[in-house]
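Mind the numbering: the sequence shown is residues 1 to 717 in the working numbering, read in order.
Below is one structure, written out as structure tokens; the observations come after it.
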Amino acid sequence: MASILLSLNTQTVLPLHTKTRTTKTTLKVLRFSHKLPSSSPFYCNHDTRLHLRCQTTTGTPSTADFAVAAGQDRLRKVPIKNIRNFCIIAHIDHGKSTLADKLLQMTGTVQKREMKEQFLDNMDLERERGITIKLQAARMRSVYENEGYCLNLIDTPGHVDFSYEVSRSLAACEGALLVVDASQGVEAQTLANVYLALENNLEIIPVLNKIDLPGAEPDRVCKEIEEVIGLDCSNAIHCSAKEGIGITEILNAIVERVPPPRDTAAMPLRALIFDSYYDPYRGVIVYFRVIDGNIKKGDRIYFMASEKDYYADEIGVLSPNQMQVEELYAGEVGYLSASIRSVADARVGDTVTHYSRKAEQSLPGYEEATPMVFCGLFPVDADQFSELRDALEKLQLNDAALKFEPETSNAMGFGFRCGFLGLLHMEIVQERLEREYNLSLITTAPSVVYRVTCVDDDIVECSNPSLLPEPGKRRSIEEPFVKIEMLTPKDYIGALMELAQERRGEFKEMKYITENRASITYELPLAEMVGDFFDQLKSRSKGYASMEYTFVGYKESDLIRLDIQINGDPVEPLATIVHKDKERMMEAISKGTEFSVACVFKNMGDAFVLCPPVVYGLNDDAYSVGRALTQKLKELIPRQMFKVPIQACMGAKVIASESLSAIRKDVLAKCYGGDISRKKKLLKKQAAGKKRMKAIGKVDVPQEAFMAVLKLEKEVL
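Shown next, in the form of structure tokens:
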């Protein structure tokens, strides 16, 4: 069956696919701008579909054939005024990757036989999780009013943890497609991405996706975009990337509304590196956007930040696979291979120029990413430490938001303290290290950076709880706070406010963005979000709420370290930081004090209501965390020849304790009678020996126990 589209404005019939000279054709009338007379053979009501049998006797090439021909000719050079650089931004799961797939297919960039879902998502991890992790570039060619145009697309992630990828993409573009789900409307990450685009002065084209769904409300969503974001949606494009509706209008809008790059081909070369990766055979492969000048194959190039020079052995474009060309000029996006073996020589944000004709000033580059969540990464096999270091260096080349530094642990040996933008970012990095570099890793529980002011006015930043200075040496502890904005239907406002209050949140603002949707703003400790905050948000709102957060600064809090001691020796990797108010309440609980919940509220006042004591948990507290860890360690540590106490301590106070009973020989087996004093003498002698062993004995915690307890710690905290 071949499909044809009836255009009522031009009174023409455009064939989309024609394989034979005579075929049965299905006519789909998608939307009428005015009513047809009832005598018309195409008469039907508004917004209905009509199936019609007709004969097509034309043998002329179809529009799709022209698109395929144009797509195969995408390496042909076009004037700078015919170049369009744009990216796709949206909240997660609003259809970015599906729209990118359809654009590649409609422009003939990817043949139908090669097409697959999430074509630009080339990592197995992205396909398994159904999310975009890395930005991807693709060059397309489109014909508009009988003139060829070069369209450079950058597909971006939608999750808040990968916002650094989005910001780098926006810096290489002049326009952006803002994709909004016509059924869900404006979400938190939609706002965040729009603000990033506005900061980069991009032309934003609103696109309402998924209009084919039964629950789609494009008019309501248009009104929502205008009220919340302030964008004019009178010319917003209604499309369905899955069904292929509105794709031609999107391509035309890109050509008409996205401004071309500046014509600076005569100036000295300046190219901005927006991404890179390490190839084991070709070295570092650099993705760049030419801002000024031009670059040719074989040119001697110079990296202005690292002050290194190389010869450009290979240059080309991403379409979406790498295709070699001889030259790239201002406005174009491409890749570069120069046998760069050191990953530090070509960093994201650096400026590439000619060695013989250097640019006077480098490009601004990118703002350094600030890690929000930290954890320790240790190899299971100590011999893999050097491999882990090389893997992190290569992965940092591809993921510029990753930060790491060496760390040593008495329990787990040598490893690295790594910084991430969020929990999902941490999970992705760990999985990529294990999959792509064949490493077996132990990951400690996630934590945040605390700022400690010592008595001598020195300020120490502590990302590892075990490195927290002793109470006598510190004056105060500050923890990072974030401003979180939650967008939710009005039915779930109470549940989400309760969630924020439980996490020591400070209420800031609530406003209705539409009649049925509200925006709730809180400030709360970042450590409260390191855990299952996002999962709880989705659970309490039945999946309808979304969130976006930004770092606002440090605030002083009453914090204390929770240590785990085995036989009196602290185990550093299992140390955590908890809130002091909870410690006082848990101390009362441990003493068996009887009181009601109302009494607790009354005794502790607002401090308890607004400041739940744990830094790392939802309803868990210091006592339950300590109890869970000690019980788990009791199960995992093998029994010794002496009694082993396992304790959770806050300073000098023990809040939870378990004991591992000793392995005992039955010294009374040979006593078959006689005086009781003989038995007491043997037992006393055995107890004295156990006491000496306990004083000099050392408990070795097996690696399996550490891995199991760390897994438990992540679940409890």
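For each residue, glycine too, the CB sits at the ideal point set by N, CA and C.
Note that this is a predicted model, so its numbers are computed, not measured.
The bridge partners DSSP lists for Asp563 are Cys649. Between Ile295 and Ile315, the beta carbon gap of about 6 Å places them in contact (Cβ cut-off 8 Å). Taking 8 Å as the upper bound for CB-CB distance, Lys403 and Pro371 are in contact here, some 5 Å apart. Within the same chain, and ignoring the five residues on either side of Ala271 in sequence, the residues whose Cβ sits closer than 6 Å to its Cβ are Phe288, Val290, Val352. By alpha-carbon distance to Ser362, the top candidate from Met412, Leu75, Leu269, Ser466 is Leu269. As computed with DSSP, Tyr492 is found in no beta bridge at all. Residue nearest to Asp299 within the set Glu434, Lys308, Ala312, Leu104 is Ala312 (criterion: CA-CA distance). Within a 10 Å sphere around the beta-carbon of Gly215 sit fewer than 16 other beta-carbons, which makes this residue exposed. In this structure, the alpha-carbon of Leu153 lies about 40 Å from that of Tyr450. Contact check for Leu170 against Leu196 passes: the beta carbons are separated by less than 9 Å.
Per the coordinates, the alpha-carbon of Gln396 lies some 15 Å from the alpha-carbon of Ser386. In the DSSP assignment, Glu528 falls within the unbroken alpha helix (DSSP H) covering 526-529. Under DSSP, Glu314 takes part in a beta bridge, and its partners are Ser337. In terms of Cβ geometry, Gly95 and Asp181 form a close pair [threshold 9 Å]. Here the C-alpha atom of Ile250 lies approximately 18 Å from the C-alpha atom of Ile225. With three or more CB-CB distances shorter than 8 Å, the stretch 466-485 counts as touching the stretch 538-557. Between Thr521 and Glu502 the beta-carbon gap is near 17 Å, outside 8 Å, which marks them as no contact. If you ignore the 5 residues before and after Thr444, its C-beta comes within less than 7 Å of the C-beta of Cys375, Gly376, Pro573, Leu710, all in its own chain and listed in chain order. Here DSSP, grouped into helix, strand and coil, assigns Thr248 to helix.
Contact annotation: the stretch 186-201 touches the stretch 537-549, with at least three C-beta pairs closer than 8 Å. Asn235 sits exposed, since fewer than 16 C-beta atoms from the chains shown fall within 10 Å of its C-beta. It is roughly 5 Å from the alpha-carbon of Arg475 to the alpha-carbon of Cys454.
Note on Asn438: under 16 other CB atoms within 10 angstroms of its CB, so exposed under the neighbour-count rule. Buried is the label assigned to Gly505, since at least 16 other Cβ atoms lie within 10 Å of its Cβ. In terms of Cβ geometry, Gly413 and Leu388 do not form a close pair [threshold 9 Å]. Taking C-beta atoms under 8 Å as the contact rule, Phe86 and Ala176 qualify, at a distance of about 6 Å. Under the three-state reduction of DSSP, Asn321 is assigned to coil, being neither helix nor strand. 9 Å or more divides the Cβ of Leu151 from the Cβ of Ile301.
Annotation for Gln430: the continuous alpha helix (DSSP H) segment containing it runs 423-436. For His579, DSSP records a beta bridge to Leu559.
In the structure shown, Glu658 falls within a strand segment according to DSSP collapsed to helix, strand and coil. For Val460, same chain residues with a beta-carbon under 7 Å away, outside a window of 5 residues either side, are Val452, Cys454, Pro469 in chain order. Only residues of its own chain outside the window of five on either side were considered, and among them Thr488, Pro489, Tyr492, Ala495, Leu496 have a CB closer than 8 Å to the CB of Ser541, listed in chain order.
The beta-carbon separation of Pro280 and Ala138, rounded to 24 Å, does not stay under the 8 Å limit for a contact. Per DSSP, the unbroken alpha helix (DSSP H) holding Asp219 starts and ends at 218-228.
The C-beta distance from Val207 to Ile237 rounds to 5 Å, short enough to meet the 8 Å contact threshold.
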